[in-house]
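**Student:** My questions will all concern the structure given below.
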Amino acid sequence: MSAENQELPIEVDVHHVKALQDAGEQFLFIDCREKDEYETARIAGATLIPMSEMQDRSEELAQHRDEHIIVHCHHGGRSMRVTQWLKGQDFAKVQNMAGGIDAWSQEIDDSVPRY
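Each residue of the sequence shown is one higher than the last, beginning at 31 in my numbering.
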């Protein structure tokens, strides 16, 4: 079985995500927090699709069904629920970023505000 067909782990850490960004890897990086949280702190390259809008925007997401998707939130709880929901919608290559933007701020980029 090729590496491309192997199932990805459900979770990745912030260092893995940063390494993917630095390597120029293509993936959809979804921020599933709400708009006010996004306005407080955000990670460059992430697309805001709030968990509360996920079902309404499923058609928009459908075009990314076969792409690698990484989801993040504040601490990792909401994004894990979104990750599991997307897997249930036949998105095979979706992962949760463990620790969320809070871990990103502490371990990757301390210019990202903590809240």
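Backbone N, C-alpha and C define an ideal beta-carbon position, used for all residues, glycine too.
Does the beta-carbon of S109 have 16 or more other beta-carbons within 10 angstroms, so that it is buried, or is it exposed?
**Tutor:** Locating residue 109 in the sequence shown gives position 79, counting from the first residue. S109 comes out buried.
**Student:** Between which two residues does the beta strand (DSSP E) holding D61 run?
**Tutor:** Counting from one through the sequence shown, the residue named residue 61 turns up at place 31. Segment L58 to D61, the beta strand (DSSP E) holding D61.
**Student:** Taking V42 and W134 to be in contact with their CB atoms under 8 Å, please state how far apart those CB atoms are, rounded to whole angstroms.
**Tutor:** Working through the sequence shown from its first residue, we reach residue 42 at position 12. Working through the sequence shown from its first residue, we reach residue 134 at position 104. Rounded, the Cβ-Cβ distance is 12 Å, inconsistent with contact.
**Student:** Can you say whether P39 is buried or exposed, counting buried as having 16 or more other CB atoms within 10 angstroms of its CB?
**Tutor:** Position 9 of the sequence shown, counting from 1, holds the residue named residue 39. It is exposed - the Cβ of P39 has fewer than 16 other Cβ atoms within 10 Å.
**Student:** With distances taken between CB atoms, is the gap from I60 to T77 smaller than 8 Å?
**Tutor:** Locating residue 60 in the sequence shown gives position 30, where the first residue counts as 1. Locating residue 77 in the sequence shown gives position 47, where the first residue counts as 1. Yes. Within cutoff.
**Student:** Which word fits Q125, buried or exposed, when buried means at least 16 other C-beta atoms lie within 10 angstroms of its C-beta?
**Tutor:** The sequence position of residue 125 within the sequence shown is 95, counting from 1. Looking at its Cβ environment, which holds 16 or more other Cβ atoms inside 10 Å, Q125 is buried.
**Student:** Cα separation between L91 and R144?
**Tutor:** Walking along the sequence shown from the start, residue 91 turns up at place 61. Walking along the sequence shown from the start, residue 144 turns up at place 114. So the two alpha carbons sit approximately 28 Å from each other.
**Student:** Going by CA-CA distance only, name the one from Q93, E69 and W115 that's closest to H104.
**Tutor:** Here residue 104 refers to the residue found at position 74 when the sequence shown is read from its first residue. Considering only alpha carbons, the answer is E69.
**Student:** Rounded to the nearest angstrom, what separates R63 and D86 at their Cα positions?
**Tutor:** For the purposes of this step, residue 63 is taken as residue 33 along the sequence shown, with counting starting at 1. For the purposes of this step, residue 86 is taken as residue 56 along the sequence shown, with counting starting at 1. Taking the straight line joining both Cα atoms gives about 15 Å.
**Student:** Would you say H102 and F57 are within 8 Å of each other, going by their C-beta atoms?
**Tutor:** In the sequence shown, the residue the question calls residue 102 occupies position 72. In the sequence shown, the residue the question calls residue 57 occupies position 27. Cβ atoms of H102 and F57: not closer than 8 Å.
**Student:** DSSP three-state call for I100: helix, strand or coil?
**Tutor:** Indexing the sequence shown from 1 puts residue 100 at position 70. Of the three classes helix, strand and coil, the one that applies to I100 here is strand, per DSSP.
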